[in-house]
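Residue numbers (this note's numbering): 3 to 82.
For glycine and all other residues, C-beta sits at the position ideal for the given N, C-alpha and C.
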């Protein structure tokens with residue numbers, strides 16, 4: 003069991019009327035799935051995600067410092 007995850011789903015259901023669990027890989031099309039917190043943060047900052055949760059840490063994109071990355075990062079991997 004995972005009490006923290008259960009609490010998260012329960013609170014979401016209370017606020018929005020449904021509890022949803024979607025299992026998908028955490029990556030951008032064509033890239034391998036993230037494996038480390040650093041990779042998760044980089045993927046988060048390069049995409050249109052608004053929030054990132056790692057363990058008990060909740061990150062809001064609007065509260066993050068400007069993220070500098072290579073503008074050609076999407077060319078690193080061939081699309082599938």
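Check	Outcome
For residue 32, the nearest candidate out of 45, 24 and 25 (CA to CA)	45
For residue 58, three-class secondary structure by DSSP	coil
Contacting residues, own chain, Cβ-Cβ under 7 Å from residue 29 (five flanking each side not counted)	35, 36 and 45
Rounded C-alpha distance that separates residue 20 from residue 14	7 Å
Beta-carbon proximity list for residue 53, same chain, < 6 Å, skipping 5 on both sides	62
Minimum C-alpha distance to residue 69 - residue among 57, 43, 60 and 58	43
Beta-carbon spacing of residue 66, residue 47 below 9 Å	yes
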